[in-house]
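Reading through the structure tokens given below for one structure.
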Amino acid sequence: MAEAIEWTKSAVGFGTPGPNDDFYHGRTLPEKHHEMTETWYWGFNEPVSGMHGFIHIWTHPNLELCTAGLFVHMGSKRDQLACELFDFRNFTPDTIFDDNGNITLANGLTVEFEKPMERMRIRYANPDRAFSLDMVQEAVQPAIMRSNNAHFEQTMRSVGKVVFEGCDYAFDNLTIRDRSWGERRPEGGHKMPPYTWMNGAFSKDFSFCISGLDDPARNPDWAGLYDIAPDKIMSDAWVYDHGEQLRLSRYSKITERAPECGLRPVRHVIDCTLENGRELQFTGEVVGSVPWHCWQNALCHTGLTLWTCTQTGETCWGETQEVQWNDYAYRMSRPVG
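Take a look at the structure:
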């Protein structure tokens, strides 16, 4: 039997976001274990160049530690350090907040919450890499909270510009951010198939964020290696449809991966039924990704994905973030030489 990862789970229904949920909950939370974490994530993209940006802040409040930074890539990379920009710091104090809750990281990236839960400005400059970022993200949909009131995603309009080696890359599009706090996130390796977090925003009225494992009935690449019950393949999932926040009553996903490129995801097909009975299919073509070592025992393939909704014909740019662990990578990788 394969393992489960508790921090990806959501019960039925939704929680309620609060006005201060952008700000650090930190050591005020009841969970005092050293594995308790708190995270912020923002993404951005400029599809003409294939640019995808990834900002991640990960604190361990009870250890008073912060791991945070950003990377930006154009197309697919074989290694995270091959990105156009990669600048993370693994072991710094979590004293990254000013009196107003705004963030300044050790690498100089700043996040100013101009209107908490609605609008934030993010800036970063790295002269050594001839790189700068100036971006405003503004909410176009409400924060969609898990029923545990400790994790939300939110569709944002991302407007800004990257300058890299003298070239400007301006963008104005939709993206989905992620925020979590108060739960343990163990670093051990899991004996299970890849876990995939996928999102796309077709418009201010229609978006999705769906996470889970491949459906064993669709003959995934790991078929025969792991015993996964059908009712255990979906983790957290929602669709926002013209003002309604909807959970799924059915979920089935298959991901195609490239063995010659480190098992990176290249295509997803998600079939699902919403709790109101509407059936949807989302097909995602991953146009560029990076194998990011989010921590030592996990590899997260992060990338820019072109999504199509079969029923509506709409397309949008979104993301793939797929976590893989040692057992799967070892069993699936081809020998070298």
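Numbering (this note's numbering), first residue to last: 4 to 340.
Built from N, CA and C at the ideal position, the CB exists for glycine as well.
From a predicted model like this one, the values you see are computed outputs, not experimental measurements.
Problem - When 335, 218, 281 and 319 are compared against residue 176, the one with the closest alpha-carbon - result: 319
Exercise for the section: Report the residue ranges of all beta strand (DSSP E) runs contained in full by the stretch 95-121; include only those spanning at least 3 residues, in chain order. Expected result: Entirely contained in the stretch 95-121, the beta strand (DSSP E) runs reaching 3 residues are, in chain order, 113-118.
Practice task
Check the C-beta distance from residue 158 over to residue 210 and give it rounded, since I have them as a contact under 8 Å.
Solution key: Contact between residue 158 and residue 210 holds: their C-beta atoms lie close to 5 Å from each other, under 8 Å.
Practice task
Return the first residue and the last residue of the alpha helix (DSSP H) that residue 330 is part of.
Solution key: Per DSSP, residue 330 is one residue of the alpha helix (DSSP H) stretching across 329-335.
Handout entry: Under the three-state DSSP convention, the category residue 421 falls into
Key = Within the shown structure, residues of the chain are numbered from 4 to 340, placing residue 421 beyond reach of any answer.
Practice task
With a threshold of 16 other CB atoms inside 10 Å of the CB of residue 70, please say whether the residue is buried or exposed.
Solution key: buried
Practice task
Taking residue 192 as the reference, give the member of 140, 299, 84 and 46 with the closest Cα.
Solution key: Minimum Cα distance to residue 192 is reached at 299.
Exercise for the section: Enumerate, from N- to C-terminal direction, the unbroken beta strand (DSSP E) stretches of 3 or more residues contained entirely within the stretch 298-327. Expected result: 301-312
Problem - Neighbourhood of residue 49 by C-beta distance below 6 Å, restricted to the same chain and skipping five residues each side - result: 172 and 174
Handout entry: Same chain, Cβ closer than 7 Å to residue 11, five either side skipped, listed in chain order
Key = 198, 214, 238 and 239
Problem - Cβ-Cβ separation, residue 160 to residue 45 (assumed contact under 8 Å), whole Å - result: Between residue 160 and residue 45 the Cβ distance is about 12 Å, and since that is not below 8 Å, they are no contact.
Practice task
Compare the beta carbon distance of residue 152 and residue 291 with 8 Å and say whether it is the shorter of the two.
Solution key: no
Problem - Segments assigned alpha helix (DSSP H), at least 4 residues, entirely inside the stretch 222-300 - result: none
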